[in-house]
Amino acid sequence: MPNIYQQSFSLLEALWQPLVQHGIIEKASAPKLEKWIVQNIGASFPSVAHEEPTRHQAYKAYHSWDEYQVGDFDQYFWGADTAGEEATPSDTQSKKAPGLAQLLPPALFDEFCRMLSSTRDARIPRRPYAAFNDQTEGLWFYGLHQFDYVNSDETPRLEDQFCQRGIGPDGQLVLRSRPFGDLMLNALDLDYYRHDFDTNALLKEQTTADNLLDKRMTFLMLFMQGKKNSKLNETFLWNQQYKGNRLDTLMDTRRLGSDSSTEDDMRTSVRQALDLAVCLSFAAAREVEKQLGITTAREELLSALLNAEVRGASAAPGTGKPLLDASERTQLMNACTWPDSALGIAAAATCAIVRLLLGASPTAFDALFDHFDYLEQGGVSAMLDFKSGYLREVAAWGDVLDMRDADNERFSYSDLYVAPEFEQRPGAGAPSPSDPRAANPACIVARMPGRARLLVQAGSGMGKTTYVKGLAAGIARMRISGDGTLFNTLTRHEAAVPLMNCTPVLIAQPEAALAGKGFEALESTRPELSSDEFASLLYRQLPDALKAPFRTVSNGDKQAALELFRNLLKAPDSLVIVDSIDEVPLTVRNRYIDCLADLAEDPRYNIQRLIVTSRPLEDASELKLEHALSDNVVRLLPFDRNRQCDLFERLRQNRPEDDAQAIAFEDIAETPGFDSLLGNPLLLTALVRSLLRNPHATAFNVLDTLVELLPKLPEQDVYDDQVLAHIAFDMTAEAGGDSIDELTFRKRYQTYRGKARSEATLGAGGDEPSREDVIDRMVTRRGILTMRNGQVTFEHTIVRALFTCRHVLNALTSGVSERLSNEQYDRAYDLYRALLDVCIDPERDDAAAELAILLLLSARRPYGTWLYEDLQADIYRDLCGLTLNAFGEHQNRHEVAVKLVHASHTFDFSLPCQRNEQIKVWESRLVAFADYYAADEALTINPKRADDTSVNSTEER
4 MPNIYQQSFS
14 LLEALWQPLV
24 QHGIIEKASA
34 PKLEKWIVQN
44 IGASFPSVAH
54 EEPTRHQAYK
64 AYHSWDEYQV
74 GDFDQYFWGA
84 DTAGEEATPS
94 DTQSKKAPGL
104 AQLLPPALFD
114 EFCRMLSSTR
124 DARIPRRPYA
134 AFNDQTEGLW
144 FYGLHQFDYV
154 NSDETPRLED
164 QFCQRGIGPD
174 GQLVLRSRPF
184 GDLMLNALDL
194 DYYRHDFDTN
204 ALLKEQTTAD
214 NLLDKRMTFL
224 MLFMQGKKNS
234 KLNETFLWNQ
244 QYKGNRLDTL
254 MDTRRLGSDS
264 STEDDMRTSV
274 RQALDLAVCL
284 SFAAAREVEK
294 QLGITTAREE
304 LLSALLNAEV
314 RGASAAPGTG
324 KPLLDASERT
334 QLMNACTWPD
344 SALGIAAAAT
354 CAIVRLLLGA
364 SPTAFDALFD
374 HFDYLEQGGV
384 SAMLDFKSGY
394 LREVAAWGDV
404 LDMRDADNER
414 FSYSDLYVAP
424 EFEQRPGAGA
434 PSPSDPRAAN
444 PACIVARMPG
454 RARLLVQAGS
464 GMGKTTYVKG
474 LAAGIARMRI
484 SGDGTLFNTL
494 TRHEAAVPLM
504 NCTPVLIAQP
514 EAALAGKGFE
524 ALESTRPELS
534 SDEFASLLYR
544 QLPDALKAPF
554 RTVSNGDKQA
564 ALELFRNLLK
574 APDSLVIVDS
584 IDEVPLTVRN
594 RYIDCLADLA
604 EDPRYNIQRL
614 IVTSRPLEDA
624 SELKLEHALS
634 DNVVRLLPFD
644 RNRQCDLFER
654 LRQNRPEDDA
664 QAIAFEDIAE
674 TPGFDSLLGN
684 PLLLTALVRS
694 LLRNPHATAF
704 NVLDTLVELL
714 PKLPEQDVYD
724 DQVLAHIAFD
734 MTAEAGGDSI
744 DELTFRKRYQ
754 TYRGKARSEA
764 TLGAGGDEPS
774 REDVIDRMVT
784 RRGILTMRNG
794 QVTFEHTIVR
804 ALFTCRHVLN
814 ALTSGVSERL
824 SNEQYDRAYD
834 LYRALLDVCI
844 DPERDDAAAE
854 LAILLLLSAR
864 RPYGTWLYED
874 LQADIYRDLC
884 GLTLNAFGEH
894 QNRHEVAVKL
904 VHASHTFDFS
914 LPCQRNEQIK
924 VWESRLVAFA
934 DYYAADEALT
944 INPKRADDTS
954 VNSTEER
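In my numbering, the protein residues as written are 4 to 960.
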């Protein structure tokens, strides 16, 4: 472990490293450091001597205190509000910026002031000159005051105990590392001390007010022997003491201070070190500001400080050991609120050095940590303790996959997670990766320069929430236990490694029962929300599981819990993830997006990393959201076949109690219409789990269950499904395909909803939903529809077919009577016939019509199955009839009928759709006829068999 003096030097050296790294200087040296101090701090007193001649005489040479030059350096030390009325801060120093006087604990600051002043007693630390009565006239030439233990037999040196410096009676900074002034001394009187004075006897006396003047003159006479009297000025003496003594030693030893001291126990070396720490930190930070600019200087100084190294005096740069290890850097970066200016960073380094050299902290890490913890009144320690508990909660909550079904089974990522493929859309701030794996959202955010913003977009069930929950859990697990397994599983590329140091703040939307509620504050009639108010709304919307850590630490105090959440958002290391913004109601979604953008850019929050997930939104909201996220968009791609098979096998392996061998992946993939669903991991998971539980489940019933997993609605209009089924039927029967324009969609919604209410004997009236409500409930949050360029589209043809099928079946179950009327049946049969007409029309090419008929054949109800059987029998009758009667110009009808009959034999995932005995007889006769026809056709092709010996065989035939 490097000693405190080496660590102190490393902290100080870090403040000029940006200049080395940018090639502005090759390396630091004593002359360069001296130049920075002269230029950026300046002398304590004017460089032009006062015109009063007596002030230049050896016996009376002094500076008047009212000539002290007040400037930014005083504000750096005392703080802008306490630096004195004459202080005028520069543009780069805020008037409210705290100084070292406020940044250090009072007792430590007083000790610091005593050490800066060369005193051996317990004087008031900010008035060290009072003992020599200098406060009335000023400070004597070069501050030479105290001369105990001067040895006249040796060549005198400008040791610090002789040069009384520090803090004047009114707070003036006359530090030894700072130029003193430029007063020229009339040294003629020194001749008296050269020739006629008992030097040895005088220097042996204890210094008093009576002999102080003689001691000053004796010291100067001895020091100037062999030198010209014309050099007897303060600039010459400062160069002799400071540049030629202290700075060279500093750079040669690479230590700031040492255990050595003078024999008077004044800890001279530590006093020198503290003095240097104040002056050099200010001067170096100002130089970096001038050379790199204010904003860049702050970032560069912080980086240099966190990456400082400790090395020996002769070691080459870059060969030393890190001053802070990776864990310490992470804690300091994550838990501490670092100042927003270069001088603020320098002040933090100075305070850490003071703590080290005065024994308040044992290491550089402890010194920096203790500094920020003091400023935040224990908040850093408290935040670290809170983050530890918070990360444990996130790791546990986020590692459980949401299966969205009623089984309440718990699976972890290691059980079922299959990493998806991402596609990055070129954006303003996201560099495109050469490796496709680096299109992973975590990699993109980690690579983004400056503030990172990213939209992760995909349809319902594609894995957006699964990904961000896993990412949060992976980071949390890495932070609390060092286990990077889940993080690596999610990110799959080393480019994401920097995010391991972040604290994930996952803002998930409320549970389904509360989805879409609690956004009243964003309504257009309400005033604009401030950032703090919007942060409060975000907190209120959190699921209970994510509120738990805040509530626990705050002991149930709601306001304290809210402040913890706000502070977490403000933390420099936070990775803020807003999940499922599509669940925000459309009526307030645009204001939500605006407030989120304002919060992220608010200087008080200054959110550095923001990820938002969403389903595709209606056009205006999507454009606004993309703009708020700097047009950085990445999309989850549907699972390819390899990923589908991987997930299938994982599901089978995790259900050993089921008949896992009863179904093969090909049984699902080869079922007409279902192939497009397999790219959706949620649908594939639910489908396979359903078949594992019941290998004889029908395609209709499985699909009917799947689509109910996709909506995220707290409640929906009881007519929504019925209306959507009617619209889907229209799109299929009227050659609308998978899309319909928004205006037509809404008109039909209103018409069919009114009709449904009327048939339910409620009348066609009632509240008419707004456009936003219709699009929100029926499109954005339903999970099976999207809206692009004004077109409402079913994402999967098989799903449109399901709703088309539902419309036909609804005709059988409509009304209040439990008995099926002829009118109801005829209505259902006519609807089915309309679909069959689509199938057999050679000008039409819509797979949804054929799939809808197959789903009708597959449909089963848990009770009252007789409602469907008669219709299914008639469908089979029609198909069998078409296979026999369609020929010639109607050959297409025959082919369609044969295709549907064949498909019905494997449509229930390799099993035949259920048939009654009558249908089985029909099909058996068709098969027998086909066999007979095939045999007869063979005879016709080869009329004379090799074994036929009958002469009349041809004629008989």
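Where a beta carbon is used, it is the ideal one built from N, C-alpha and C, also for glycine.
None of these values were measured; they are calculated from a predicted model.
Between the alpha carbons of S344 and P101 lies a distance of about 12 Å.
Apart from sequence neighbours up to five positions away, the residues of its chain that approach K550 with a beta-carbon distance below 8 Å are Y542, A564, ordered along the chain.
Comparing alpha carbon positions, the residue from F285, N888, R880 closest to I922 is R880. At a Cβ-Cβ threshold of 8 Å, L602 and I610 count as neighbours.
V383 counts as buried, since at least 16 other C-beta atoms from the protein chains shown sit within 10 angstroms of its C-beta. Under DSSP, the beta-bridge partners assigned to E312 are P325. Straight-line measurement puts the Cα of Q380 at about 21 Å from the Cα of R554.
In the three-state reduction of the DSSP assignment, M254 falls in the helix class. Burial is judged here by how many other beta carbons sit within 10 angstroms of a residue's own beta carbon; Y935 has fewer than 16 and is exposed. Burial is judged here by how many other beta carbons sit within 10 angstroms of a residue's own beta carbon; R809 has at least 16 and is buried. In this model, Y416 and L620 are separated by some 28 Å (Cα to Cα). DSSP places Q794 within a strand segment (E or B) once states are collapsed to three.
Annotation for H893: no beta strand (DSSP E) segment contains it, and DSSP assigns it neither H nor E. Assigned with DSSP and collapsed to three states, Y65 falls in strand. Residue burial annotation: A667 is exposed, with fewer than 16 other C-beta atoms found within 10 angstroms of its C-beta. Straight-line measurement puts the Cα of W81 at about 22 Å from the Cα of S11. By the beta-carbon neighbour count (other beta carbons within 10 angstroms, threshold 16), Q894 is exposed. Residue state for A442 is assigned as helix, using DSSP reduced to three classes. The distance from the Cβ of V782 to that of Y755 is about 15 Å, inconsistent with a contact at the 8 Å cut-off. Taken through DSSP and simplified to helix, strand or coil, R918 comes out as coil. Here G382 carries a helix assignment [DSSP, helix/strand/coil]. Using a Cβ distance threshold of 8 Å, L142 and H25 do not count as a contacting pair. In the structure shown, T528 adopts coil according to DSSP, grouped into three states. Not a single unbroken stretch of the beta strand (DSSP E) spanning 3 or more residues falls wholly within the stretch 332 to 372.
Note on the stretch 689 to 742: whole alpha helix (DSSP H) runs with a minimum of 4 residues are 702 to 709, 723 to 736, in chain order. In this structure, R803 and D741 form a Cβ contact; the two beta carbons are roughly 6 Å apart against a cut-off of 8 Å. When C-alpha distances from T886 are compared across D877, L215, E892, H897, the shortest belongs to H897.
Check the Cα spacing between L489 and each of A498, G477, R482: the tightest is with G477.
By the Cβ rule, the stretch 350 to 359 counts as touching the stretch 105 to 118, because three or more pairs are nearer than 8 Å.
Leaving aside the five residues that flank E775 on each side, the residues in its chain whose CB is nearer than 6 Å to its CB run, in chain order, L589, T590.
Taking 8 Å as the cut-off, the beta carbon of A17 is found closer than this to the beta carbon of L308. Across the structure, A367 and G466 are spaced so that their CA atoms are roughly 44 Å apart. Annotation: the continuous beta strand (DSSP E) that includes I510 extends over 506 to 510. The DSSP-derived three-state label of T555 is helix. Residue pairing by DSSP leaves T494 without any beta bridge partner.
In this structure, G184 and F48 form a Cβ contact; the two beta carbons are roughly 3 Å apart against a cut-off of 8 Å.
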